[in-house]
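Notes to accompany the following structure.
Numbering (this note's numbering), first residue to last: -11 to 284.
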């Protein structure tokens, strides 16, 4: 079995049509068909079948595609890696991230990584956790930084930062009379709340409030924490968000206090695909982050 056989196989998998795959590979269709037949003979089973004039992968073909992708990616990465031993690490790292603390984390990681690898470039995309996760799964981003909870299927991950939840309210709100840097959850329970719009957050907040015996009254669900702050300033409600929201507030008209009794935290997680190797630049970037986290 040669590497070109795997490339031929993957081209057919992508096009699901021998003629189009041959055009993509810039070879004639009959030789491509023979190469696939030789590959099937070598592995001892059919990798494709025709059903109703449509080409389909067999179960064995689906499994083989996973290995073929890994082998080809490893081969390409090894060549690029050896070349870069002489020319220096290059390439683009595609990053997807949520708001909150993620942009600051990414900036820190890139800053120290760039000291070692100044020729690497970056493409950064912002969205919510579900969008970032999907982007990484679809191969549109090499890595992502999201917030728990998340679906780990098909992903490697490592926690990179943990922060507490805070309450945001106007200086004219009754809670503003409380002294100290924290506010007990039970003191918030009786007020209208402004919470993140992410679907999983509502259940998380309801579970958090359950011991107080009060069902939280949700006045608004907002993705953008800056908009939540504007509502708090007008006394529409009390916003509860992860603490990074404080980085967005530059006004004395609101107060921000950590929620206590019980305290709740949320974790930012670096994710990357487990079914294929990243580019050399992305791989080094992930290892750089891992080393930084282990040191701290």
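Virtual Cβ for every residue (Gly too), placed ideally from N, Cα, C.
Taking the Cα of residue 160 as reference, the smallest distance to any Cα among 198, 19, 222 is reached at 222. Check the Cα spacing between residue 115 and each of 39, 168, 206, 132: the tightest is with 132.
Assignment of residue 22 by DSSP, reduced to helix, strand and coil, places it in the helix class. Under the DSSP assignment, residue 215 falls in the alpha helix (DSSP H) whose first and last residues are 213 to 221. Judged by DSSP in its simplified three-state form, residue 57 adopts helix.
Cβ contact annotation for residue -2 (same chain, cutoff 8 Å, sequence separation greater than five): 53, 56, 57, 60, in chain order. Around the beta-carbon of residue 184, 16 or more other beta-carbon atoms lie within 10 Å, marking it buried.
Given a length threshold of 3 residues, each whole run of the beta strand (DSSP E) inside the stretch 74 to 132 is given here in chain order: 80 to 85, 109 to 114. Taking C-beta atoms as the reference points, residue 163 and residue 202 fail to come closer than 8 Å.
Within the model, the alpha-carbon separation for residue 190 versus residue 47 is close to 40 Å.
Secondary structure of residue 186 (DSSP, three-state): coil. Non-local beta-carbon contacts of residue -11 in its own chain, meaning distances under 6 Å to residues more than five positions away in sequence, involve 30 in chain order. Only residues of its own chain outside the window of five on either side were considered, and among them 182, 210, 227 have a CB closer than 6 Å to the CB of residue 216, listed in chain order. Between residue 5 and the set 247, 278, 24, the nearest pair of CA atoms involves 24.
A residue is called buried when at least 16 other Cβ atoms come within 10 angstroms of its Cβ; residue 169 does not meet this threshold and is exposed. Beta-bridge partners of residue 144 (DSSP): 260. The residue among 236, 218, 98, 76 with its C-alpha nearest the C-alpha of residue 157 is 218.
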